[in-house]
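See structure below.
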Amino acid sequence: MTTARSTPNIAFIKYWGNRNDGLRLPMAPSLSMTLDRPTVEITVEEADAFAVRSFLVDGSEKTLKEKDTDRFRKVLSLMQRYIATLNAAAGIRESQLQENVSITVRSHIPPAIGLASSAAVFSCLAKAIAGFIQDKKKLTNTQASVLARLGSGSAARSIFGGFSTLEEGNGMELGSSWSVQIADEHHWLLHDIVIIPAMEEKKVGSTEGHALASTSPFYVERVRSIRTHRQRECIEAIRNKDFEALQCVTEEDCLDMHHVMETSTPPLHYLNDETRRIVNAIKELRTKQHIPVLFTMDAGPTVHLVCPEEGKNAVLSFAHAQKGCTIFETKVGPGAILLA
Ligand code: DP6
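According to the numbering used here, numbering within the sequence shown proceeds without interruption in unit steps and concludes at 1503.
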């Protein structure tokens, strides 16, 4: 039996669109900061039959939909196939991960908060599976990031703490894309003050969304920009702790992703009027008071305000002044860890 703990991440260069949807092989690289909370814990243990159980913050059991259980089953089968390619099959029976494990998920992530729970869940599952098989085969974190990616593309990045990429990679193999750490969590203390305008579940999930990316006439240019300069600019900004450069490239990439989403067929509108109001208000505050802060939004109306220590108090008071919104405080964190 092994237990792992992991957390979500917030992307500065967004992952949107795959060259292979089934294997979650991205079209372009992406980059994020791993957060220190909220946490997810997953226990993997041997069992007579495959089972997944999920428990909420208050300890009550969440009834899983069939499609959620199916996703776990499919992911475990892909993970098993990838592990077999590492010559690690010795001692791990063909069907073991699909048929003879029970998975218990304990999530501290409030539902519909706009923090990617799939990133936390699948990085946690990957780390727990790596722990489960470690007597037979010790996986590197890079290999664990491949396992995580098979569950959710962005999850690969949460294997590492601090700042990490999901590399585009080459080819169409299970292991053709992985995560690379740019700097660990001690490199740069950045906070993420999360403003959640509406606590409603999003209508179109990321998985369905990725499949629509290439229908936008702006998608080719998006991929080109990330490959040719945006990803590099973001890496340099992080290495040099250049907040202004990070702000420019992150906001440009976020708005570009939402432009692609809104011009795809059918269009995906994740931002709402509240999101736009909050973004305009933070821009105004930044100009007036010279506060170092950047905004970014994933596939939902939630606004992430990322700032260094010196901006934290001003950003927090701004966040708490937003009527009807839920505020969640988090910062750069250590990534997925094995507990036992
Ligand atoms: C907008 O990793 O959630 O948050 O692989 O289908 O689970 P799946 O997609 P997911 O996509 C993340 C989309 C994003 C941007 C990002 O986090 O990079």
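Ideal Cβ placement from N, Cα and C applies to all residues, glycine included.
Notebook entry, point to check: Quick one, are the C-beta atoms of residue 1471 and residue 1353 less than 7 Å apart?
Noted result: yes
Next item on the list: Give the straight-line distance between the Cα atoms of residue 1200 and residue 1207, rounded to the nearest whole angstrom.
Entry: 21 Å
Notebook entry, point to check: Hey, which unbroken runs of the beta strand (DSSP E) at 3 residues or more fall wholly within the segment 1190-1233?
Noted result: 1193-1197, 1203-1209, 1214-1218
Note to self: For the ligand DP6, I want to know if residue 1339 counts as a neighbour, meaning its beta carbon is within less than 6 Å of at least one of the ligand's heavy atoms.
What the structure shows: no
Note to self: With the cut-off set at 7 Å, would you say residue 1412 and residue 1393 are in Cβ contact?
What the structure shows: yes
Margin query: Looking at the strands, I want to know which residues DSSP matches up with residue 1181.
Written below: 1189
Notebook entry, point to check: According to the Cβ coordinates, are residue 1342 and residue 1332 closer than 7 Å?
Noted result: no
Margin query: Taking contact to mean 3 or more Cβ pairs, one atom from each stretch, closer than 8 Å, check whether the segment 1456-1464 and the segment 1427-1446 are in contact.
Written below: yes
Note to self: Which residues does DSSP list as the beta-bridge partners of residue 1458?
What the structure shows: 1468
Item checked: Per DSSP, cross-strand counterpart(s) of residue 1492 -> 1356
Margin query: Need the endpoints of the beta strand (DSSP E) that residue 1445 sits in, please.
Written below: Run containing residue 1445: none in the beta strand (DSSP E); it sits in the alpha helix (DSSP H), 1436-1452.
Notebook entry, point to check: Between which two residues does the beta strand (DSSP E) containing residue 1322 stretch?
Noted result: Per DSSP, residue 1322 belongs to no beta strand (DSSP E) and is neither H nor E.
Check: Grouping DSSP H, G and I as helix and E and B as strand, with all else coil, what is residue 1403?
Finding: coil
Note to self: What would DSSP say about residue 1542, mapped onto helix, strand or coil?
What the structure shows: For the chain, the structure presents residues 1164 to 1503; residue 1542 sits outside this window and is missing.
Margin query: Residues in the same chain with beta-carbon distance under 8 Å from residue 1420, minus the five sequence neighbours each way, listed in chain order, please.
Written below: 1177, 1179, 1385
Margin query: Is any non-hydrogen atom of the ligand DP6 found closer than 6 Å to the C-beta of residue 1369, if you look at the structure I gave you?
Written below: yes
Note to self: Using C-beta distances below 8 Å, list every residue in its chain close to residue 1348, excluding the 5 sequence neighbours before and after it, in chain order.
What the structure shows: 1197, 1199, 1324, 1325, 1495, 1496, 1497, 1498
Item checked: Assigned exposure category for residue 1334 - 16 Cβ within 10 Å defines buried -> exposed
Check: Residue range of the beta strand (DSSP E) that residue 1391 falls in?
Finding: No beta strand (DSSP E) contains residue 1391, which DSSP labels as neither H nor E.
Item checked: For residue 1295, the three-state DSSP class (helix, strand or coil) -> helix
Note to self: If you reduce the DSSP assignment to three classes, tell me which class residue 1250 lands in.
What the structure shows: coil
Margin query: I believe residue 1317 touches residue 1282 by the beta-carbon criterion, under 8 Å. Please report the beta-carbon distance rounded to the nearest angstrom.
Written below: 4 Å
Notebook entry, point to check: According to DSSP, what are the bridge partners of residue 1343?
Noted result: 1328
Item checked: 7 Å Cβ cutoff met for residue 1312 and residue 1187 -> yes
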